[in-house]
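Peer 1:
Numbering (this note's numbering), first residue to last: 7 to 334.
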């Protein structure tokens with residue numbers, strides 16, 4: 007079996023494709039999945055280079071990747087055919103999902119054992135060419151739900167600014183903010199991605215040609231926005247404090263974001279905490295099926311090119327999702 011592992015923290019070069027990995031045996035409550043595609047996220051390279059808090063207690067060597075799509079091939083001893091069928095996870099079912107954040111095992115492998123609670127079925131009518139998108143849906147989607155609903159508490163009529171609207175999470179934050187009742191959503195991004203932001207329902211602000219703070223002040227007549235959803239953080243968090251309306255909130259997504267600058271100015275700020283669950287995965291599936299969450303795949307790379315994929319992730323200007331094709 008092929009699997010990507012790394013035995014030390016470092017750059018993309020530490021990621022090694024092993025062709026003789028052992029086939030995992032699913033334990034209680036787990037399902038064996040043949041992985042078709044793996045979704046990539048900034049969290050992956052932050053764990054790989056050791057900068058994420060989730061790398062602190064990671065036992066090496068370790069696998070990589072958090073979200074995936076594939077086909078159910080078996081199950082642990084406590085999940086018989088009837089139980090799997092009741093969950094919609096019968097053998098042969100196409101599924102997508104994300105490992106619980108407490109599960110440090112990777113998913114960039116031909117076969118994985120994963121909790122049945124972390125999976126949901128992909129609609130049966132999904133075309134073969136659309137399968138890669140499902141691999142990039144779970145982590146981005148669960149992050150977006152936690153950001154919009156659990157943390158930002160967007161109310162009808164709220165005005166919202168999304169930093170990084172063309173990224174994987176950003177492309178879900180925009181339609182979810184509008185679903186929650188936002189009256190206007192501005193989204194920063196490169197000028198080349200302006201049309202995509204409009205398609206998602208946002209008012210684009212090209213940060214590579216416009217002073218986004220000045221634009222927000224002009225568009226809101228100096229009031230600012232009620233909510234800032236910040237997928238970038240490092241270059242945008244502190245400047246965003248200047249465009250938050252009185253009583254507003256800033257939500258930076260990185261888990262290690264320092265909220266002190268906001269609190270010192272009396273501005274509410276919180277980091278979202280992902281809550282996994284089949285109910286939320288099913289909601290994401292319904293959103294994709296209906297066209298409400300048109301998540302874009304920017305590039306698909308073969309499993310062996312995971313190092314190149316991580317380089318693109320670290321560059322920080324990826325539009326939509328990067329996906330690994332495990333079968334290639």
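From the three backbone atoms N, C-alpha and C, an ideal C-beta is built for every residue, glycine too.
When you compare each of 95, 142, 191, 290 to residue 113 by their alpha carbons, which one comes out closest?
Peer 2: Residue numbering aside, residue 113 sits at position 107 when the chain shown is read from its first letter. Among 95, 142, 191, 290, the Cα nearest to that of residue 113 belongs to 142.
Peer 1: One question on the structure: do residue 309 and residue 331 come within less than 8 Å of each other, judged by their Cβ atoms?
Peer 2: On the chain shown, residue 309 is found 303 positions in, with the first residue counted as 1. On the chain shown, residue 331 is found 325 positions in, with the first residue counted as 1. Contact annotation: residue 309 and residue 331 have beta-carbon atoms nearer than 8 Å.
Peer 1: Leaving aside the five residues before and after residue 239 along the sequence, list all residues of the same chain whose C-beta is less than 6 Å from its C-beta, in chain order.
Peer 2: For the purposes of this step, residue 239 is identified with residue 233 of the chain shown, where counting begins at 1. Here the set comprises 258, 260, 263.
Peer 1: Can you name, in chain order, every residue of its own chain whose Cβ lies under 8 Å from the Cβ of residue 251, other than the five neighbours on each side?
Peer 2: Reading the chain shown from its first residue, position 245 is the one you call residue 251. Cβ within range, chain order: 165, 226, 229, 230, 231, 232.
Peer 1: To which residues of the same chain is residue 180 closer than 8 Å at the C-beta, ignoring the five residues directly before and after it?
Peer 2: Here residue 180 refers to the residue found at position 174 when the chain shown is read from its first residue. 168, 171, 191, 193, 203, 206, 207, 208, listed in sequence order.
Peer 1: Roughly how many angstroms separate the alpha carbons of residue 329 and residue 86, rounded to a whole number?
Peer 2: Taking the first residue of the chain shown as 1, we reach residue 329 at position 323. Taking the first residue of the chain shown as 1, we reach residue 86 at position 80. For residue 329 and residue 86, the distance between alpha carbons rounds to 32 Å.
Peer 1: Just checking residue 178 against the ligand ATP - is the residue's beta carbon closer than 7 Å to any of the ligand's heavy atoms?
Peer 2: The ligand ATP is not part of this structure, which contains no ligands at all.
Peer 1: Among 51, 44, 48, 121, which has the Cα closest to the Cα of residue 80?
Peer 2: Along the chain shown, one-based indexing puts residue 80 at 74. Ranking 51, 44, 48, 121 by Cα distance to residue 80 puts 121 first.
Peer 1: What's the gap between the Cα of residue 76 and the Cα of residue 43?
Peer 2: Taking the chain shown and counting its residues from 1, one reaches residue 76 at position 70. Taking the chain shown and counting its residues from 1, one reaches residue 43 at position 37. Roughly 7 Å between the two C-alpha positions.
Peer 1: With a CB to CB cut of under 6 Å and the five nearest residues on each side skipped, what residues in its chain are close to residue 151?
Peer 2: Residue mapping note: residue 151 aligns to position 145 of the chain shown, counting from 1. Taken in chain order, the residues that qualify are 286.
Peer 1: Hey, residue 221 and residue 211: beta-carbon distance below 8 Å or not?
Peer 2: Residue mapping note: residue 221 aligns to position 215 of the chain shown, counting from 1. Residue mapping note: residue 211 aligns to position 205 of the chain shown, counting from 1. Yes, the Cβ-Cβ distance between residue 221 and residue 211 is below 8 Å.
Peer 1: With residue 49 as the anchor, note down where its alpha helix (DSSP H) starts and where it stops.
Peer 2: Position 43 of the chain shown holds residue 49. Residue 49 -> alpha helix (DSSP H) spans 48-54.
Peer 1: Measuring CA to CA, which of 334, 300, 255 is closest to residue 161?
Peer 2: As a first step, residue 161 must be located in the chain shown, where it is residue number 155. For residue 161, the nearest C-alpha among the options comes from 255.
Peer 1: For residue 100, which residues in the same chain have their Cβ closer than 6 Å to its Cβ, ignoring the five residues on either side in sequence?
Peer 2: Sequence index remark: in the chain shown, residue 100 carries index 94 (1-based). Result list for residue 100: 77, 128, in chain order.
Peer 1: Flag this pair as yes or no: are the beta carbons of residue 12 and residue 54 separated by less than 8 Å?
Peer 2: If you number the chain shown from 1, residue 12 lands on position 6. If you number the chain shown from 1, residue 54 lands on position 48. Yes, these two residues count as a Cβ contact at 8 Å.
Peer 1: Run through the DSSP bridge pairs and tell me what residue 236 is partnered with.
Peer 2: Residue mapping note: residue 236 aligns to position 230 of the chain shown, counting from 1. Note: residue 236 sits in a beta bridge opposite 169, 258.
Peer 1: Using alpha carbons as the reference points, say which of 290, 291, 243 lies closest to residue 268.
Peer 2: Within the chain shown, residue 268 is the residue found at index 262, counting from 1. Measuring from the Cα of residue 268, the nearest candidate turns out to be 243.
Peer 1: Run the CB neighbour count on residue 72, radius 10 Å, all protein chains shown included, and call it buried at 16 or more, exposed below.
Peer 2: In the chain shown, the residue the question calls residue 72 occupies position 66. Its Cβ being crowded by 16 or more others within 10 Å, residue 72 is buried.
Peer 1: Could you tell me the alpha carbon to alpha carbon distance between residue 311 and residue 84, rounded to whole angstroms?
Peer 2: Taking the first residue of the chain shown as position 1, residue 311 is located at position 305. Taking the first residue of the chain shown as position 1, residue 84 is located at position 78. Going by the C-alpha atoms only, they are around 37 Å apart.
Peer 1: Residue ranges of each alpha helix (DSSP H) run of no fewer than 4 residues wholly in the stretch 268-304, ordered along the chain?
Peer 2: 284-296
Peer 1: Taking residue 276 as the reference, which of 159, 215, 300 has the closest Cα?
Peer 2: What you label residue 276 is simply residue 270 of the chain shown in a count that begins at 1. Nearest option by C-alpha distance: 159.
Peer 1: Decide if residue 215 is buried, meaning its Cβ has at least 16 other Cβ atoms within 10 Å, or exposed.
Peer 2: As a working mapping, residue 215 is identified with position 209 in the chain shown. Classification of residue 215: exposed, given that the 10 Å Cβ count is below 16.
Peer 1: Let me check understanding here. Comparing Cα to Cα, which of 295, 324, 291, 299 lies closest to residue 338?
Peer 2: Nothing in the structure corresponds to residue 338, since the chain is present only between 7 and 334.
Peer 1: Could you spell out where the beta strand (DSSP E) holding residue 121 opens and where it closes?
Peer 2: Taking the chain shown and counting its residues from 1, the one referred to as residue 121 is at position 115. Note, residue 121: beta strand (DSSP E), 117-121.
Peer 1: Report the start-end ranges of each beta strand (DSSP E) in the stretch 87-119 that is 3 residues or longer and not cut off at the edges.
Peer 2: 100-104
Peer 1: Shortest alpha-carbon distance to residue 223 belongs to which of 317, 246, 292?
Peer 2: Position 217 of the chain shown holds residue 223. Cα-wise, what sits closest to residue 223 is 246.
Peer 1: Alpha carbon to alpha carbon, how far is residue 163 from residue 217? Give it in angstroms, no decimals.
Peer 2: For the purposes of this step, residue 217 is taken as residue 211 along the chain shown, with counting starting at 1. For the purposes of this step, residue 163 is taken as residue 157 along the chain shown, with counting starting at 1. Cα to Cα, the separation comes out at about 25 Å.
Peer 1: Quick test of your reading: residue 95 and residue 29, contact by CB under 8 Å. State the CB separation rounded to the nearest angstrom.
Peer 2: Translated into the one-based positions of the chain shown, residue 95 becomes position 89. Translated into the one-based positions of the chain shown, residue 29 becomes position 23. About 19 Å separates the two Cβ atoms, so there is no contact after all.
Peer 1: Is it right to say residue 67 is buried, meaning 16 or more other beta carbons lie within 10 angstroms of its own, or is it exposed?
Peer 2: Translated into positions along the chain shown, residue 67 becomes position 61. Residue 67 is exposed by the Cβ-count criterion.
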